[in-house]
Each structure stands twice: as structure tokens, then as C-alpha cells.
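Presented below is the structure to which this report refers.
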Amino acid sequence: MTILLTGGTGFMGAWIVRTLVEKTYKPIIYDLRSDLSLLEDAKGKFELVQGDTLDLATLIQTIKRFKITRIIHAAALTSPPNPLTGVKINVEGSISVFEAARLPESLLCFGYLSGQEVFRIFAEISPKERCQRLCSRNYIGS
Ligand SMILES: NC(=O)c1ccc[n+]([C@@H]2O[C@H](COP(=O)([O-])OP(=O)(O)OC[C@H]3O[C@@H](n4cnc5c(N)ncnc54)[C@H](O)[C@@H]3O)[C@@H](O)[C@H]2O)c1
Numbered sequence: 691m692t693i694l695l696t697g698g699t700g701f702m703g704a705w706i707v708r709t710l711v712e713k714t715y716k717p718i719i720y721d722l723r724s725d726l727s728l729l730e731d732a733k734g735k736f737e738l739v740q741g742d743t744l745d746l747a748t749l750i751q752t753i754k755r756f757k758i759t760r761i762i763h764a765a766a767l768t769s770p771p772n773p774l775t776g777v778k779i780n781v782e783g784s785i786s787v788f789e790a791a792r793l794p795e796s797l798l799c800f801g802y803l804s805g806q807e808v809f810r811i812f813a814e815i816s817p818k819e820r821c822q823r824l825c826s827r828n829y830i831g832s
């Protein structure tokens with residue numbers, strides 16, 4: 691099983707890398723940044739490809755090169771400098787990753803990090819029912 695993790699050097703990404711490494715996987719991080727300060731304890735246990743989610747060609751090349759079978763998409767701009775840049779990275783960048791994910795016939799699973807805000811609208815119901823309702827709205831639930 692080969693896992694591509696976008697945004698793997700970031701806050702959430704680093705936690706995911708550690709969890710995967712603990713389970714003996716060697717994730718392929720795809721991130722704009724090469725700053726590995728959050729991943730000191732996992733050095734040597736992952737591969738880093740420095741790339742932009744907007745760069746579909748490099749995404750596809752990376753998926754082919756590492757024969758990726760799982761993708762976790764955690765790359766995002768959580769505090770964009772302006773709305774246009776936010777849309778560019780968070781919407782267009784995500785669409786680019788979704789497009790790339792359609793490529794490998796071997797792709798078995800795609801995970802996407804959303805936010806807890808999508809659950810707040812259903813605060814009064816159980817977590818299981820929330821998931822069912824959100825999943826029936828659309829594929830990322832928000
Ligand atoms: N931090 C939280 O508590 C939290 C909670 C729930 C959900 N999330 C979601 O998780 C995702 C990641 O959040 P985070 O807190 O880890 O943010 P972060 O800023 O720490 O990490 C984001 C990573 O994405 C990378 N990135 C940004 N633009 C990129 C691009 N165009 N191409 C490739 N890489 C790019 C950054 O370099 C960075 O390493 C977001 O969607 C956020 O909404 C975060």
C-alpha cells in the first residue's frame with residue numbers, strides 16, 4: 691500500500707505522517723514546503739516530493755512514479771491572505787488533486803480533511819447520524 695499525503699509537512703499532515711509511520715507505512719508527502727521541522731521524529735520514514743497541488747502534471751507524475759494506491763488530501767491554506775488566493779489553493783488545488791486521483795486504476799481510497807464546522811450544523815444529533823446525513827449531501831459533506 692503506497693500512500694500519497696498532500697500537505698504532509700503541515701500541522702495535520704505531520705500528525706497523519708506519524709500515525710502512518712507508527713503503522714509501518716512510508717508515506718509520500720506532496721507539499722509546497724520543504725520545512726520538516728514538525729517531522730523531526732519521523733525523518734527517514736517518509737519521502738518528500740516538493741510540489742504544488744495546482745500542478746496537475748507533477749501530481750500525476752508523482753502518483754505514477756510511486757504507484758500510489760491511497761491518497762490523503764491535507765494541503766490547504768487555512769489563513770489565506772485574501773479570498774481569491776483561498777479559492778485558488780483550497781478549491782482549484784483540491785480539484786486538481788481530485789482529478790489526479792481519478793488516474794490510477796489501482797487507487798483504492800481517497801481521504802479528504804474537512805473541518806469540524808461541517809458538524810456544528812448537526813450538533814443536536816449523534817455522530818453516526820451526522821455522518822450519514824453529511825455523506826448523503828455530497829462527497830465531502832460540506
Ligand atoms: N489544524 C486543525 O486543527 C484542523 C482541524 C480540522 C481540519 N483541518 C483541516 O486540515 C487541513 C490542513 O490544515 P493544517 O492545520 O494542517 O494547515 P497547515 O497550514 O499546517 O498545513 C497545510 C499544508 O499544506 C501545504 N500547502 C498549502 N498550499 C499548498 C499547495 N498549493 N500545494 C501543496 N501543498 C500546499 C502547506 O505548505 C502546509 O504544509 C485544512 O483543510 C484544514 O481545514 C485542520
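Per my numbering, the very first residue in the sequence shown carries number 691; after that it's consecutive. Glycine included, every Cβ here is placed at the ideal spot set by N, Cα and C.
{"Item": "Would you check whether ligand 1 has a heavy atom nearer than 7 Å to the C-beta of residue 750?", "Value": "no"}
{"Item": "If I'm right that residue 749 touches residue 720 with Cβ under 8 Å, what's the distance once you round it to whole angstroms?", "Value": "7 Å"}
{"Item": "Kindly examine ligand 2 and report whether one of its heavy atoms sits closer than 7 Å to the Cβ of residue 788.", "Value": "Ligands present in the displayed structure are limited to ligand 1, and ligand 2 is not among them."}
{"Item": "Does the stretch 793-807 come close enough to the stretch 753-772 to have 3 or more Cβ pairs within less than 8 Å?", "Value": "yes"}
{"Item": "Which of the three DSSP states is assigned to residue 779 in this structure?", "Value": "helix"}
{"Item": "Which complete alpha helix (DSSP H) runs does the stretch 693-764 hold, if anything under 4 residues is left out?", "Value": "701-712, 746-755"}
{"Item": "With a threshold of 7 Å, establish whether the CB of residue 776 neighbours any heavy atom of ligand 1.", "Value": "no"}
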